[in-house]
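J.: Here's a structure for you.
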Amino acid sequence: MAVASSPSSLHSHSKTSVTPRHSFSSPSRGFVKILSRSDFCAFGRVRAGTLRFHANPIKVSASAAPVMDKPDSRVSTVVDVDLGTRSYPIYIGPGLLDEPDLLQRHVHGKRVLVVTNTTIEPLYLDKVTKALTHGNESISVESVILPDGEQYKNMETLMKVFDKAIETRLDRRCTFVALGGGVIGDMCGFAAAAFLRGVNFIQIPTTLMAMVDSSVGGKTGINHPLGKNLIGAFYQPQCVLVDTDTLNTLPDRELASGIAEVVKYGLIRDAAFFEWLEKNMPALLARDPSALSYAIKRSCENKAEVVSLDEKESGLRATLNLGHTFGHAIETGAGYGQWLHGEAVAAGMVMAVDMSFRLGWIDETIQRRTLDILQQANLPITPPDMMTVDKFKNTMAVDKKVADGLLRLILLKGPLGNCVFTGDYDRNALDETLRAYCKS
Ligand SMILES: NC(=O)c1ccc[n+]([C@@H]2O[C@H](COP(=O)([O-])OP(=O)(O)OC[C@H]3O[C@@H](n4cnc5c(N)ncnc54)[C@H](O)[C@@H]3O)[C@@H](O)[C@H]2O)c1
Ligand SMILES: [Zn+2]
Numbered sequence: 000m001a002v003a004s005s006p007s008s009l010h011s012h013s014k015t016s017v018t019p020r021h022s023f024s025s026p027s028r029g030f031v032k033i034l035s036r037s038d039f040c041a042f043g044r045v046r047a048g049t050l051r052f053h054a055n056p057i058k059v060s061a062s063a064a065p066v067m068d069k070p071d072s073r074v075s076t077v078v079d080v081d082l083g084t085r086s087y088p089i090y091i092g093p094g095l096l097d098e099p100d101l102l103q104r105h106v107h108g109k110r111v112l113v114v115t116n117t118t119i120e121p122l123y124l125d126k127v128t129k130a131l132t133h134g135n136e137s138i139s140v141e142s143v144i145l146p147d148g149e150q151y152k153n154m155e156t157l158m159k160v161f162d163k164a165i166e167t168r169l170d171r172r173c174t175f176v177a178l179g180g181g182v183i184g185d186m187c188g189f190a191a192a193a194f195l196r197g198v199n200f201i202q203i204p205t206t207l208m209a210m211v212d213s214s215v216g217g218k219t220g221i222n223h224p225l226g227k228n229l230i231g232a233f234y235q236p237q238c239v240l241v242d243t244d245t246l247n248t249l250p251d252r253e254l255a256s257g258i259a260e261v262v263k264y265g266l267i268r269d270a271a272f273f274e275w276l277e278k279n280m281p282a283l284l285a286r287d288p289s290a291l292s293y294a295i296k297r298s299c300e301n302k303a304e305v306v307s308l309d310e311k312e313s314g315l316r317a318t319l320n321l322g323h324t325f326g327h328a329i330e331t332g333a334g335y336g337q338w339l340h341g342e343a344v345a346a347g348m349v350m351a352v353d354m355s356f357r358l359g360w361i362d363e364t365i366q367r368r369t370l371d372i373l374q375q376a377n378l379p380i381t382p383p384d385m386m387t388v389d390k391f392k393n394t395m396a397v398d399k400k401v402a403d404g405l406l407r408l409i410l411l412k413g414p415l416g417n418c419v420f421t422g423d424y425d426r427n428a429l430d431e432t433l434r435a436y437c438k439s
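Quick look at the structure:
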């Protein structure tokens with residue numbers, strides 16, 4: 000089995016100051032600037048289509064020499080999401096739910112509402128309640144247990160959170176805690192943003208998908224019958240606490256779904272991480288704790304950098320959606336719940352990479368390596384048979400990334416780890432990719 004080459008046995012906490020070097024205007028259409036890791040590091044915050052700089056140099060986390068924070072602490076890492084006054088830490092490591100101080104330092108007030116679901120409640124609610132109250136009996140913890148499933152990520156279920164908060168007379172100085180996967184995180188975050196116009200909020204993600212993606216960056220919300228995630232808010236948590244031990248109960252299919260998003264970071268901006276993943280996929284699938292911690296840390300660092308530069312998705316943040324336009328079409332076409340999000344994203348990334356190759360923007364080795372790594376992770380590399388060219392086209396036409404009737408896509412361009420978000424591509428390449436991956 001490949002060995003994870005992650006920093007281990009220390010509590011590492013690292014930040015890098017990034018000084019903006021240059022700026023340029025980013026047209027919202029036909030944006031073909033190649034975005035690489037070094038580009039991201041050079042940019043300041045993006046606003047309304049124009050890349051501008053933050054008044055202060057932006058600090059982003061980066062892998063650096065581990066530093067002992069607490070001599071007696073367990074193996075863990077801290078990644079900082081730097082958003083000025085809305086900055087927060089992501090704690091990553093095994094056994095973190097046994098370190099009450101990590102959570103308690105971010106609880107405001109004495110009252111906490113834990114939002115979770117029927118699957119996670121028997122597994123982790125007691126542990127979280129103990130972590131919240133250990134050595135601090137003045138804290139009272141309420142909980143609301145929601146039904147499990149994407150189909151419940153709606154207004155009716157959201158109201159159950161407000162019902163509980165209002166019935167138990169929570170006030171502004173309470174803290175909402177999301178304990179679960181992305182569905183719980185998105186709903187609890189939105190509830191926290193809206194309750195009394197905003198209360199404190201902590202994320203305890205328990206799926207790999209939530210640990211590497213949905214709990215980081217502040218996108219919260221619910222679905223509308225006419226579309227996914229259409230109602231929501233940007234709302235950042237006080238902290239994200241990732242106890243990697245919780246992954247031990249996660250079904251294999253859900254683990255693989257999260258790995259699709261991990262691979263995505265390698266493809267769009269982190270070639271070295273992609274290479275690490277190629278070597279360490281067996282360790283990840285075997286749930287090797289240090290391999291998981293490292294993959295989560297690198298993923299969070301990548302996402303934190305992008306979010307720090309473009310919190311509200313004016314441009315750069317859209318690159319996190321590699322494969323998602325094709326993927327959403329698959330999720331919708333196959334019927335929600337049939338294909339997991341990461342599975343659809345995996346097949347979608349294969350299609351985006353195929354199209355990039357047809358455009359002549361990447362060489363064949365990138366395409367082959369993408370297929371290999373996704374297959375290694377037991378992820379699908381083709382859409383389901385029922386997806387037709389028309390089904391793809393109809394769903395992609397209503398994608399959020401359509402601007403003025405032009406479908407903008409995230410495509411790879413250049414060496415591994417570089418991508419573009421652009422509407423400036425040859426339409427034939429898109430048609431050819433769709434025909435290559437659909438039976439009709
Ligand atoms: N906000 C964002 O930026 C963002 C990003 C990506 C995805 N999302 C959203 O996230 C959601 C998908 O998240 P997900 O993949 O975590 O799905 P999920 O929340 O539905 O969780 C998947 C399943 O695993 C179960 N589960 C969770 N943790 C477990 C554990 N430790 N042990 C055993 N079972 C466990 C859940 O109960 C559920 O049945 C979607 O709604 C998507 O829109 C949001
Ligand atoms: Zn995704």
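Each residue of the sequence shown is one higher than the one before, counting from 0 in numbering that gives the first Met the number 0.
The beta carbon of each residue, even a glycine, is placed where N, CA and C say it ideally should be.
Given a cut-off of 7 Å, decide if I203 and K105 are closer than it, judged by their beta-carbon atoms.
T.: Residue 105 sits at position 106 when you count from the first residue of the sequence shown. Residue 203 sits at position 204 when you count from the first residue of the sequence shown. In the sequence as displayed, the identity of residue 105 is His instead of Lys. Taking 7 Å as the Cβ cut-off, H105 and I203 do not qualify as a contacting pair.
J.: Leaving out the 5 sequence neighbours to the left and right, which residues in its chain are closer than 6 Å to A259 when beta-carbon positions are compared?
T.: Within the sequence shown, numbered from 1, the residue matching residue 259 stands at position 260. Within the same chain, A259 has close Cβ partners G341, V344, A345 and L378.
J.: Check each candidate in W338, G226 and G231 and name the one with the smallest Cα separation from G188.
T.: Stepping through the sequence shown from its first residue, residue 188 is reached at position 189. Per the Cα distances, G231.
J.: Return the first residue and the last residue of the beta strand (DSSP E) that I203 is part of.
T.: Within the sequence shown, numbered from 1, the residue matching residue 203 stands at position 204. First-last of the beta strand (DSSP E) with I203: N199 to P204.
J.: Count the other CB atoms, across all protein chains shown, that sit within 10 Å of the CB of E98; report buried if there are 16 or more and exposed otherwise.
T.: As a position in the sequence shown, residue 98 is number 99, starting the count at 1. The residue in question, E98, is buried, as its Cβ has 16 or more Cβ neighbours within 10 Å.
J.: On a Cα-Cα basis, can you pick out the residue from V239, A270, K227 and S355 that is closest to D212?
T.: Here residue 212 refers to the residue found at position 213 when the sequence shown is read from its first residue. When only C-alpha atoms are compared, the closest one is V239.
J.: Is there at least one non-hydrogen atom of ligand 2 closer than 6 Å to the beta-carbon of V261?
T.: The sequence position of residue 261 within the sequence shown is 262, counting from 1. No, the Cβ of V261 stays beyond 6 Å of every heavy atom of ligand 2.
J.: Count the other CB atoms within 10 Å of the CB of R171; is the residue buried (16 or more) or exposed (fewer)?
T.: Within the sequence shown, numbered from 1, the residue matching residue 171 stands at position 172. Exposed: under 16 other Cβ atoms inside 10 Å.
J.: Thinking I409 and A317 are a contact (beta carbons under 8 Å), I'd like their distance in whole angstroms, please.
T.: Counted from its first residue, the sequence shown places residue 409 at position 410. Counted from its first residue, the sequence shown places residue 317 at position 318. So it is a contact: roughly 7 Å between Cβ atoms.
J.: What are the start and end residues of each continuous alpha helix (DSSP H) run of 4 or more residues lying completely inside the stretch 281-361, in chain order?
T.: Counting only runs of 4 or more, we get 288-308, 323-333 and 340-357.
J.: If you count every other CB in all the chains shown that lies within 10 Å of the CB of V397, and 16 or more means buried, which is it?
T.: By one-based count along the sequence shown, residue 397 stands at place 398. Exposed, by the Cβ-count rule.
J.: Alpha carbon to alpha carbon, how far is A333 from P383? Give it in angstroms, no decimals.
T.: The residue given as residue 383 occupies position 384 in the sequence shown. The residue given as residue 333 occupies position 334 in the sequence shown. Approximately 7 Å between the Cα atoms of the pair.
J.: Where S25 and D423 are concerned, what is the direct C-alpha to C-alpha distance, given to the nearest angstrom?
T.: Position 26 of the sequence shown, counted from the start, is the residue given in the question as residue 25. Position 424 of the sequence shown, counted from the start, is the residue given in the question as residue 423. At S25, the pLDDT of 31 sits below 50, so the modelled position is not reliable; the number obtained from the coordinates is stated separately. When rounded, the distance between both Cα atoms is 13 Å.
J.: Can you tell which of N393, I361, E310 and G108 has its C-alpha closest to the C-alpha of K218?
T.: Along the sequence shown, read from residue 1 onward, the residue named residue 218 stands at position 219. Checking every option, the nearest Cα to that of K218 belongs to E310.
J.: Three-state secondary structure (DSSP) at Y151?
T.: Within the sequence shown, the letter at position 152 stands for residue 151. DSSP places Y151 in helix when its eight states are reduced to three.
J.: Out of curiosity, what's the CA-to-CA distance linking S292 and W360?
T.: In the sequence shown, residue 292 corresponds to position 293, counting from 1. In the sequence shown, residue 360 corresponds to position 361, counting from 1. Near 33 Å, if we compare the C-alpha coordinates of W360 and S292.
J.: How many Å lie between L433 and E274 at the Cα?
T.: Locating residue 433 in the sequence shown gives position 434, counting from the first residue. Locating residue 274 in the sequence shown gives position 275, counting from the first residue. Each residue's Cα considered, the two are about 28 Å apart.
J.: What did DSSP end up calling A376 once you bin it into helix, strand or coil?
T.: Here residue 376 is taken as the residue at index 377 of the sequence shown, counted from 1. Three-state result, A376: coil.
J.: Once DSSP output is grouped into helix, strand and coil, what is the label at Y87?
T.: Mapped onto the sequence shown, residue 87 falls at position 88. In this structure, Y87 counts as strand in the three-state DSSP scheme.
J.: Where does S137 fall in DSSP's three states?
T.: Along the sequence shown, one-based indexing puts residue 137 at 138. Note: S137 maps to coil in three-state DSSP.
J.: Looking at V344 and ligand 2, is the gap between the Cβ and the nearest heavy atom below 6 Å?
T.: Walking along the sequence shown from the start, residue 344 turns up at place 345. V344: yes, Cβ under 6 Å from ligand 2.
J.: Going by the C-beta, is S298 closer than 6 Å to any heavy atom of ligand 1?
T.: In the sequence shown, counting from the first residue as 1, residue 298 sits at position 299. For ligand 1, not one heavy atom lies less than 6 Å from the Cβ of S298.
J.: Roughly how many whole angstroms lie between the Cα atoms of S313 and V419?
T.: Stepping through the sequence shown from its first residue, residue 313 is reached at position 314. Stepping through the sequence shown from its first residue, residue 419 is reached at position 420. Rounded to whole angstroms, S313 to V419 spans 14 Å at the Cα level.
J.: Can you tell me the Cα-Cα spacing of P224 and L157, whole angstroms?
T.: As a first step, residue 224 is located in the sequence shown; it is residue number 225 there, counting from the start. As a first step, residue 157 is located in the sequence shown; it is residue number 158 there, counting from the start. The straight-line gap from Cα to Cα measures roughly 14 Å.
J.: Going along the chain, which residues of its own chain have a beta-carbon closer than 6 Å to the beta-carbon of A290, five neighbours each way excluded?
T.: To locate residue 290, count along the sequence shown from 1; it is residue 291. If we look at A290 and ignore the five residues flanking it on each side, its Cβ neighbours are A3, N279, A282 and L283.
J.: By Cβ distance, which residues of its chain are closer than 8 Å to A428, with the 5 residues on each side in sequence left out?
T.: For the purposes of this step, residue 428 is taken as the residue at position 429 of the sequence shown. Correct list, in chain order: M354, R357 and L358.
J.: What runs of the beta strand (DSSP E), each 3 residues or longer, lie entirely inside the stretch 212-258?
T.: Qualifying beta strand (DSSP E) stretches, in chain order: 218-223, 226-233 and 238-242.
J.: Which residue or residues does DSSP assign as beta-bridge partners of F273?
T.: For this step, residue 273 is matched to residue 274 along the sequence shown. Answer is none; F273 lacks a bridge partner.
J.: Measure the alpha-carbon distance for E253 versus L207 and round it to whole angstroms.
T.: In the sequence shown, counting from the first residue as 1, residue 253 sits at position 254. In the sequence shown, counting from the first residue as 1, residue 207 sits at position 208. About 8 Å.
J.: Considering Cα atoms alone, identify which of I295, I119 and E431 is closest to P474.
T.: As displayed, the chain neither begins before 0 nor continues past 439, which places residue 474 out of reach and without an answer.
J.: Can you give me the start and stop residues for the alpha helix (DSSP H) that L101 sits inside?
T.: On the sequence shown, position 102 is the one that residue 101 refers to. Unbroken alpha helix (DSSP H) run through L101: P99 to Q103.
J.: Taking T387 as the reference, give the member of D430, E120, F194 and E136 with the closest Cα.
T.: As a position in the sequence shown, residue 387 is number 388, starting the count at 1. For the residues D430, E120, F194 and E136, the minimum Cα distance to T387 belongs to D430.
J.: Hey, quick one: how far does the beta strand (DSSP E) through I119 stretch, first residue to last?
T.: The residue labelled residue 119 in the question sits at position 120 within the sequence shown. Counting along the chain, I119 falls outside any beta strand (DSSP E), and DSSP gives it neither H nor E.
J.: Quick one: residues in its chain with C-beta nearer than 6 Å to the C-beta of G326, no 5 flanking neighbours on either side, listed in chain order?
T.: Translated into the one-based positions of the sequence shown, residue 326 becomes position 327. The answer, listed in chain order, is A343, V344 and G347.
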